[in-house]
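Report on the structure given below.
Residue numbers (my numbering), protein chains in the order written: chain A, 1 to 99; chain B, 1001 to 1795.
Written out as structure tokens, the structure reads:
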């Protein structure tokens, strides 16, 4: 098993939808035994909290440019294209973890 | 764990018993050492726990606590148990030895100087020992006679024997197996060949004695004598067809051994005043005669008529199978009444209905019959498992002690000792363990057959945790005693039955299931979290902090239900009601009852019993210094659960009718304004803020749930509301989202102030996680009461 991937989940407040989405991701990754630590924050805070972060998942628009891969959390909220996002994230995480 | 010394082991055991952080000081006091010593031990204990992946956690200002995974680790527990060398109860080794000497040579005086020389200690130590011994002897009606010739035990021969018995049954474990092997050597050819018996002996006889008892017997009697009596008993059992359980066997064995020893040194029992002349059981008397004859044959002493009678009484009171005799019949009737009475009291205090199981009654009767004999002959047997029982289920023993006291008063019996009560408690405890659910329901329908049986089956399938006491017809309901039934589930409308009842369809619709679930919840709440009687009679005046209520005379009864909780009943005329005494030094709460009416006493007792089980409440009471605070805890013991994050009933709105999202948002702001005064004037601003968030990104999280929220400076304190809509509202009209996401029926609203307290954020996050689960949402949508919603959210 590779290193643990750090994922930052963000939303408008850092409390509501991010918490929900984070739980979904955690469950999905645990089932696939992908080592991940997940933190949540608000989109305003995001820029200040990127140290050591490998991936971003956001339910709102991320306003600034960053090297870190950003995934959209909206499919997870609306239940359309949910699997695809999770699958894409899992692939990326494996890559980072074993890379 | 092998390298731990006794103190360290004890320390570990004490740690295992605690559920929360406890200051080291507490352990230091208990173990009578300095905190420094224990801090040193912690390192070693930590190493030993490592093997079991556990640790001892320390928290500044709070104390230490053992990690919970070790507590559940069976292997660890077992090791600790088997290796634990518990200190003997009541008397330490030296004191026990002095006591033994004093009792066995009760006619002789001994001097303090002699004892001091014998044990290589100072005279002061001996004087202190004697003080402790005197206290220990007191309950037996024995005294220490001290004069210029020395010290000796003084009292009735019967009492002396009783004390010796008690001393012998004391639980001691001194690993001195070599003597036992020597003794077994008398029976066995060699250790390695242990089960091969020497000619004329059977190993099986000694097997009935456990190591500790054997060890204790060896301290006092010669091994030849022990062997002789074991054989004798074996013979009697075979020839007279007497059957006895191990406990009784041990008692009889000890009794005869003491008898031989005492008679040889010229001590005989006096002719008892309560002399029992009519020998109703000739077989047993023949048994006693035979024992006497064999003793004469072997030792050449005649134990005499009285002693034979004494042994006969012993046999009668110990064996279980009765032979023909008229009073046998009367006794079994009486035991039946007593068993019923006891069960009645116990179930009232426990607020549980024991199922009509034959095994309980049969077991009780088997015990009560000989118990009556023992009471009649005033024979006291020791219960070798008492300590273990007290450790495992002190509450039940306490309750049984109370029930025994009530029963013995009713039937004019002599007091029943704790050893006996504990034996009876075993039966109730077994039933309690078997009874998995605390909620008992009765199912009623027209006939009691057919559909209702089906309903019963479906109920147990749907709610595996409830116990269906019976399925009966509505006609039979009238004759039913409803004690212990929590509520009735009926398919037919009923008159008032004294307990709550739920009318359901025999096909058990979803709405029925929801209603029953709520009923179960309410019952559980009532059971675990209510002290209405105690609370009603308490005022601050009757809560005593570190002192006792003033009162003269003696308590009617005092019983400990566990180490942190005791009960004290007073038959007082001046004051009626309850009082609480909170002793923070001894870390113990005592519930007082001042009452003469038995029914009322039972009501208080039932509540106190709950209190004894509510460890969290006791801890809170012991740490709360304020009487007002304690009253509040008793008034509303469930309050703590509400703080768990779920909104209160006032913050939950069910079956709200709304056409569109716009309408709902307006309504939500109204609701918020109702809650927070500062929001009243800022309605417009709040509405805008909420819409802003909606515009930012979709706030639905699937399963028909949406989170309307905002972190804002417009509000001073967090507001959390839950709104359940009567029919769903389209949450994203312009979008092409699937229905189960777009159509919202459940809305969690929260506004968090800018300086949000960490704890509250966590609470909200937890709520969000709960609403993210489809199953929870479904349950909330079908919940019939707000209380049920709260429960789902705080589970």
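By construction, the Cβ of each residue, glycine as well, lies at the ideal position given by its N, Cα and C atoms. None of the values given here were measured: they were computed from a predicted structure.
Which residues in the same chain as residue i place their Cβ atom closer than 7 Å to its Cβ, once the five residues preceding and following it in sequence are excluded?
i: residue 1421/B; result: 1397, 1400, 1401 and 1404
i: residue 24/A; result: 76
i: residue 1447/B; result: 1473
Taking 8 Å as the CB-CB cut-off, is residue i touching chain B?
i: residue 47/A; result: no
i: residue 56/A; result: no
i: residue 63/A; result: no
i: residue 70/A; result: no
Go through its chain and collect everything with a Cβ distance to residue i's Cβ below 8 Å, but skip five positions before and after it.
i: residue 1011/B; result: 1027, 1031, 1038, 1041 and 1045
i: residue 1699/B; result: 1693, 1706, 1707, 1708, 1709 and 1731
i: residue 1432/B; result: 1350, 1352 and 1396
i: residue 1585/B; result: 1546
Please report the straight-line C-alpha distance between residue i and residue j, rounded to a whole angstrom.
i: residue 1717/B; j: residue 56/A; result: 31 Å
i: residue 1577/B; j: residue 1476/B; result: 37 Å
i: residue 9/A; j: residue 39/A; result: 6 Å
i: residue 1744/B; j: residue 1652/B; result: 16 Å
i: residue 1104/B; j: residue 1144/B; result: 14 Å
i: residue 1557/B; j: residue 1225/B; result: 42 Å
i: residue 1411/B; j: residue 1441/B; result: 33 Å
i: residue 1257/B; j: residue 1008/B; result: 38 Å
i: residue 1346/B; j: residue 1492/B; result: 33 Å
i: residue 1797/B; j: residue 1315/B; result: The requested residue 1797/B is not part of the displayed model; chain B covers only 1001 to 1795.
i: residue 1758/B; j: residue 1634/B; result: 29 Å
i: residue 1751/B; j: residue 1686/B; result: 9 Å
i: residue 1503/B; j: residue 1515/B; result: 9 Å
i: residue 1342/B; j: residue 1407/B; result: 7 Å
i: residue 1376/B; j: residue 1415/B; result: 11 Å
i: residue 1679/B; j: residue 1596/B; result: 57 Å
i: residue 1598/B; j: residue 1567/B; result: 15 Å
i: residue 1461/B; j: residue 1784/B; result: 20 Å
i: residue 1704/B; j: residue 1391/B; result: 51 Å
Name the chain B residues whose beta carbon is nearer than 8 Å to that of residue i?
i: residue 79/A; result: 1702, 1737, 1738, 1740 and 1741
i: residue 37/A; result: Here the premise fails: no neighbours, minimum Cβ distance about 16 Å.
i: residue 74/A; result: 1697 and 1698
Suppose the cutoff is 6 Å on Cβ atoms and the five residues either side in sequence are ignored; what does the same chain contact list for residue i look like?
i: residue 1579/B; result: 1542, 1549 and 1592
i: residue 1254/B; result: 1165 and 1168
i: residue 1643/B; result: Because the pLDDT at residue 1643/B is just 44, under 50, the model does not fix this residue reliably, and the value given afterwards should be weighed accordingly. Hits under 6 Å: none found.
i: residue 1605/B; result: 1349
i: residue 1179/B; result: Any reading at residue 1179/B needs caution, since the residue's pLDDT is 42, under 50, leaving its predicted position unreliable; the model's value is listed next. Excluding residues within five positions, the ones whose Cβ falls inside 6 Å are 1218.
For residue i, write down the residues that DSSP places opposite it in a beta bridge.
i: residue 1721/B; result: 1749/B
i: residue 1468/B; result: 1441/B
i: residue 1147/B; result: 1150/B
i: residue 11/A; result: 42/A
i: residue 1063/B; result: 1059/B
i: residue 1068/B; result: Per DSSP, none; premise fails for residue 1068/B.
i: residue 1031/B; result: The partner list for residue 1031/B (beta bridge, DSSP) is empty, contrary to what the question assumes.
i: residue 1560/B; result: 1566/B
i: residue 37/A; result: 6/A
i: residue 1581/B; result: 1544/B and 1590/B
i: residue 72/A; result: 58/A
i: residue 1473/B; result: 1445/B
Chain A partners of residue i, CB-CB under 7 Å?
i: residue 1707/B; result: 16 and 17
i: residue 1696/B; result: 12 and 60
i: residue 1772/B; result: 20 and 23
i: residue 1765/B; result: 15 and 19
i: residue 1693/B; result: 12
With a cut-off of 8 Å, does the C-beta of residue i fall near any C-beta of chain A?
i: residue 1661/B; result: no
i: residue 1250/B; result: no
i: residue 1761/B; result: yes
i: residue 1188/B; result: Low local confidence applies: a pLDDT of 36 at residue 1188/B is under 50, so the model's placement there is unreliable, with the coordinate-based value given in what follows. Not closer than 8 Å to any Cβ of chain A, the Cβ of residue 1188/B fails to qualify, so no.
i: residue 1768/B; result: yes
i: residue 1749/B; result: no
i: residue 1710/B; result: yes
Residues of chain A with CB closer than 8 Å to the CB of residue i, please, in chain order.
i: residue 1752/B; result: 13 and 15
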